[in-house]
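Protein sequence lines correspond, in order, to chains R and E. Residue numbers for the first sequence, in this note's numbering: 4 to 677. Residue numbers for the second sequence, in this note's numbering: 942 to 1532. All C-beta atoms, glycine included, are put in the ideal place defined by N, C-alpha and C. Please read all numbers here as calculations on a predicted model, not as lab measurements. Read through the structure below, which is laid out as structure tokens, and then see the notes.
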Amino acid sequence: MEYEKVYVFEPEGERPAKRRRVEPQGLQTSWRRRRQAFDQVWTVQQQALDARLESINASTVDKVWQFLEQATLDGQPGRIPTGIVLTGADGATGSGISKQVAERIRGGKHRRILLSLSSSSGTSLKALLKTLIAKATSRRTGSSDDDEVDDEDEELRNPRATGPKLLNYDLQLLQDHVREHRTEQVIITFEDTEAFDSDLLSEIIELLGCWQGRIPFACLFNIATSIDFLQQRLSKAAVKALAGQVFDVALSSAEIEQVCEAMFDTDTPLWIGSGLVSTMLERQHDYIVSVDSFVAAVKYACMSHFYANALSVFLEPGSESRDVGPDHIEAVRQLDSFKAYARRLLDDRQVAVLKDLLESGAALWSLVLDKVAEGRQKLSAMVQTLKVARLVQQRLPNTPVSSMSSLYVQAMSGKLVGSPLIRTLLLTIRKAPSNIVVDLLRELISSHTEKGTPTFSGCHEILTRFDDLIESQKHSKKPLRGEDDSQNTTLRTTVVAQKVELSKQKSALSEQDKKYTELLGLLTTGLEELFADNLVNPTNLVFHEIFVYDLKSPYREVFTPRPRHAIERALATPHDYLDCDCCGSGQGDEGAEATLAATQPATAVLYQLYLESGSLINAGDLWQAFQAVLGDGREEAETMALFQRGLAELRYLGMMKSTRKRVDHVAKVMWQGL
Amino acid sequence: MPKRKAGETTIDEDLTPRKIRKAVRDDAEPIVSPQTAAAETPSGRKSILRGTPRKLNGIHSVEATPKSLRKVLFTTPLKPDDEVVQADEETPTAVGNDRSARRKSQRVLQTREESDDEDAEADEAIAQQILEGDAYEEDDEEASTRDEPGLIADTPSKSGKLRGRPKGRRRERTPSPVPDLPPHELYFFQNRAGGNKTSANTLPSHVLLDHDDYFAKINAYEDPHVADVERLKRLHKRSFDQWIFELEEGLNICLYGYGSKRELVMEFAEYTYGQAESQKPRVIVVNGYTPGLTVRDILVGVGSLIAKGAKLPAQPAAMLDLLMLKLEELTTTQPILLIIHSLDHANLRKSMTQAMIARLVAHPSISLLATCDTPNFPLLWDVSLTRQLRFLYHDTTTFQPYRVEIDVVEEVNALLGRSRRRLGGKDGGAYVLKSLPENARNLFKILVEEQIGLAESFEPTTTLGAANSDDDLDPDDLLGASDDEAALAEEQNTPSRRARGRGRPAKKAKVAARPVARAPAVSAMEGVEYRALYHKAVEAFVCSSELAFRTLLKEFHDHAMVESRRDAGGTERLSVPMGREELRRMVEELE
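See the structure below:
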């Protein structure tokens, strides 16, 4: 079978031993349950993410849709109604718009066809038209009446029963199709407008313009650069044939932010740690990757946790009623956070409790469930607190609003409490005038009642006191200012012994201002307490291993592989992979440097010789050197076989190629460590 | 080097440097007469002339280079030549004991430097370079004695050998500037110009194994690492459950790393079969390395599962459309696992192919498990393809030989520019010939004989090489190869000859000498001239017209027994892509 091109796999031999199912053991026994738990958890999260992503561009899609509707009603004669969608730099990835438009078409009452053309659809006008027509005529139209479909199939079989046979790039075919199906609009999307050849693009637009009277075309261009650029690339006639309108699409960074928010928003049982999130965001930022890949990364994190961490079984909804094996209970006792907890119990002299935990599975069991629930609650409270922080930022003038993702990363690493960010935030509040502060407070309270964000105790009371104060101050137009407000301090410079001294002078405060300052103090301490209480360090939570996942290496290995490095390493230091006794790289201090050894695999030896050479390699000399290393006590022919295999493998890996510069030489094409 | 000699006698200016070299040579090899010594220059020690510019072109400061070069070679009129010679000859014993020509020339240069202050700086640079060269030669000696103990005895020209090989050694010794270079700097460091000299040794064709021998040997070979490779595989097999999970979750898997992953993947396929409960998974295996595989084959394979009995269109694109349509219809079927071995194989590297595969596997009910062998495979996919492919990458270095993926013998032959695409070598050829008419067989015989004849007429000159030819040919030329550097050096030489101006007759001599040496070399590589073969064939009454001749040849072409290519002059040349030994045996069999 190994020389067949393509075949359907049939298991070899019917030996029962081979086909026996391997039953999981130990901690793996809970895999089935974890799998279910993952399914449940992820479906919820997936739905939330999808909803958020769809809503992100909903308004743009609406506009595009309206535009298309409008175009069917009253199009300019001779001009193709054209929607130009500015997608930004990662336009190639964001075909979301046309996808959503296509979905609307399916549900819409008009008969429309949506055809997408990409630069790879064809390199000539003919090829492009061919694909266009083929796509149009093979696709179902909007309505799906059964008899219609039958008709269509019939029609597909002999596309043109009467009349002369047309060439397959004749738009007449499309016109016939449109007429027969009473299609009202043929929408053509150009997925990657920039990648099209300018002339080709102009030609096809001109041609479509010519047929506009017979076939109701409409175009959608996805543009990554600018309209000016598009216009420059098109011929005048092509530009004249278009009647365009511009639509903006959310940038992918905004999309990522939305995904993050949705991700933290849902009541997810599994939280992703700061390290992983920041790595993911960094990659997203450095290499423009689509939102999909970000979502995939989140999903993979979730998968890894449920797959590899047996204790994730405790995250299963309704796991209270079902028992897990003693293995799991034992595993819980090994957790670092449990050990720390046990120590704390000892310090508090609660020996009996600890003893119970160590001896009774049931006690530990309930503790785990309690603590996990508690931890999850704390984390969601933390996210809500982050929202409060953002709210405050939004209300204060001249304060940049941090993105949810960056706040989350900081909070999850436990660094947000007492961070410069929070401190400046509180200081700014102390300096703020009364009108802003009152607004802020109102906002906080309303957000508490509406969205359930946490507040500190007594904020209502502070608000009423503020209100009273302002009421008494009604006659003055000026807002109240606190003690720390820069308007209430003056800088005074004095020259003492030829040195300038700066001193701050607090101007005298009015009675109201003093009261206001006092209230401000109450407010900021309240907020400070709120932050301090809620911004917990996740690693301090008991059993955080169960509900916080923060492993970077699986993500890195799976999404950003370094295949070249892997191959180079395998060949340069085979010991790393083989872990054999024979070719351990030198005893003692030479350990770091790879050394040639006759025991190494032949290709590895050859590769290391290859590394030593320049851009041209004399095969004869290479063979001599190879033989010198490996040839001891071995038949020449056998060494040669190994040599040939090594050469062939290096060529197959694309490391050397033949050259005609000199006889029996090969060219080196890959250098190490690049 | 007749031309130079002519120059020597005519121009005073040029006399000086030549004298120097001559003197040096005389010292080095006191036995040979000046005449022969001059002739010997190219083969052994002419590296002063040729080597210097190379080195200058290379690593060292560029500014000083052209100036000093010209000085050393041709314009040293500042000093009477007698002085030099005498200065040299005054210390005959010391010089005589020193066997290194470079060191000697360096000494000459240093002597000159003493009397010639104004050029001191430039000369010092040269001396420095030569010194370095010497040091490097010593290194080489060390390296080669360490690395290849049996080597020196074998090779006829030791210096040539040493000059070539151990550049790596030298590299190790050159103090590498910084340990942690950024990748791009590292590239330029590893790829820096200069010192790309290799020896003229050839790989004797008889040591290369043919298919039979290779398989006999490689099957008999016992890998000492069997146990370790097996352990590595067991390690990978532990993640089978994980892979199943990942595939079920709609992600695709791409395995990379050194070693054939075929066996591992097939075991995975077995495993999924074993693990599945009621519904057995449907698995399609694509062997990407199979010669002539196209995306059409893959689509047909998938079609055989999901669109049984349906008539598939001929065009892959249309076929894919139909398959996607079918997939949409079959919503409730169990997923299909598509296994593609060597997804990055040359067969599938076309962007169209990759795009189609990506589109196919983007469908939720098809999952893909692919393996990639080359180190740079991620370059195959752009952003939109990666998005469709949804790959998770796993390093599965197996260290298993690419047993099925590579045809080792063919690969090596192609790599070394030996016989390509032959029909099973000698035996296959004989088989074809048996089924051909008498005339064709005769024609083939003529061709083979001509080729052998050409090869023989040229072969001895390479091995004996420069030893007895008193011409300026260096080994590079003899091999008929146009190494860039040789060409460069030649270019540098040519104007100098022209500068001498009065070397007309000498130039003619050179023109005559070169092609004589070069032509057979070329033809041995490129084959028999088409015209010549035709005339031979007509003479032997094999055919009477060119049309008939062509017809006969076509048969050979069809069976890949004859290769034709055009040489630099545009003449068509025919050759049988086989080794000389094989050709001989073939002739014997034909008789």
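- Taking 8 Å as the cut-off, the beta carbon of Val1528/E is found no closer than this to the beta carbon of Glu1379/E.
- Within the same chain, Val412 come within 7 Å of Ser281/R by CB-CB distance, once the 5 residues on both sides are set aside.
- Cβ-Cβ distances below 7 Å link Ala300/R to Met283, Tyr558 and Phe562 in the same chain, with the five nearest sequence neighbours on each side left out; the list follows chain order.
- The alpha-carbon of Thr134/R is positioned some 46 Å away from that of Phe1490/E.
- About 5 Å separates the beta carbons of Val1224/E and Ala1210/E, which is inside the 8 Å limit, making them a contact pair.
- Two segments are said to touch when three or more pairs of C-beta atoms, one from each, lie closer than 8 Å; by this definition the segment 402-418 of chain R does not touch the segment 345-362 of chain R.
- Look at Ser201/R here: in three-state DSSP terms it is helix.
- Against chain R, the CB of Asn1193/E has no partner CB under 8 Å away; the residue lies outside that interface.
- A distance below 8 Å between beta-carbons, with the five flanking residues on each side excluded, links Ile448/R to the following residues of its chain, in chain order: Thr458, Cys462, His463 and Leu466.
- When the beta-carbon positions are compared, Gln287/R and Arg55/R stay at least 8 Å from each other.
- For Pro1257/E, no CB of chain R lies under 8 Å from its own CB, so it is not counted at the interface with that chain.
- With fewer than 16 neighbouring CB atoms inside 10 Å of its own CB, His1476/E falls in the exposed class.
- Per the coordinates, the alpha-carbon of Arg236/R lies some 20 Å from the alpha-carbon of Ala221/R.
- For Pro14/R, the nearest CB of chain E lies under 8 Å from its own CB, placing it at the interface with that chain.
- A straight-line Cα-Cα distance of about 14 Å links Asp1164/E and Gly1200/E.
- For Asp1336/E, the enclosing beta strand (DSSP E) stretches over residues Phe1332 to Asp1336.
- Cβ atoms of Ile116/R and Leu174/R stay farther apart than 8 Å, at about 14 Å.
- Under the three-pair Cβ rule at 8 Å, the segment 1289-1300 of chain E does not count as touching the segment 250-264 of chain R.
- The shortest C-alpha to C-alpha distance from His1335/E to any of Leu1176/E, Asp1151/E and Lys1158/E is the one to Leu1176/E.
- Distance from the Cα of Glu194/R is smallest, within the candidate group Leu120/R, Gly247/R, Glu206/R and Glu258/R, for Leu120/R.
- Among the residues of chain R, those whose CB is under 9 Å from the CB of Thr1143/E are Asn621, Ala622, Gly623, Val666 and Asp667, following chain order.
- Rounded to the nearest whole angstrom, the C-alpha separation of Leu650/R and Leu609/R is 8 Å.
- At a cut-off of 8 Å, the C-beta of Gln1183/E has a neighbouring C-beta in chain R.
- Interface annotation, Asp1121/E: not in contact with chain R, CB-CB separation never under 8 Å.
- Taking the CA atoms as reference points, Asp584/R sits about 18 Å from Leu633/R.
- Under the Cβ criterion (8 Å, minimum of three pairs), the segment 567-584 of chain R does not count as touching the segment 332-339 of chain R.
- Proximity of Pro1319/E to chain R, defined by a Cβ-Cβ separation below 8 Å, is satisfied.
- In this structure, the CA atom of Gly1242/E is about 57 Å from the CA atom of Ala392/R.
- Chain R has a Cβ within less than 8 Å of the Cβ of Asp1238/E.
- Measuring C-alpha to C-alpha distances from Ser406/R to each of Leu394/R, Lys342/R and Pro84/R identifies Leu394/R as the nearest.
- A contact between stretches requires three or more CB pairs, one per stretch, nearer than 8 Å, and the segment 69-77 of chain R fails this requirement with the segment 32-39 of chain R.
- The residues Val632, Leu633 and Asp635, in chain order, have a CB closer than 7 Å to that of Ala601/R in the same chain once the five nearest residues on each side in sequence are set aside.
- Apart from the 5 residues on each side of it in sequence, Thr63/R sits with its Cβ closer than 6 Å to the Cβ of Phe250 and Val252 in its chain, given in chain order.
- At a cut-off of 8 Å between beta carbons, Met266/R makes no contact with chain E.
- Around His1166/E, the beta-carbon contacts reaching into chain R at under 9 Å are Pro577, Leu581, Cys583, Cys585, Cys586, Thr602, Gln603 and Pro604.
- At a cut-off of 8 Å, the C-beta of Arg1514/E has no neighbouring C-beta in chain R.
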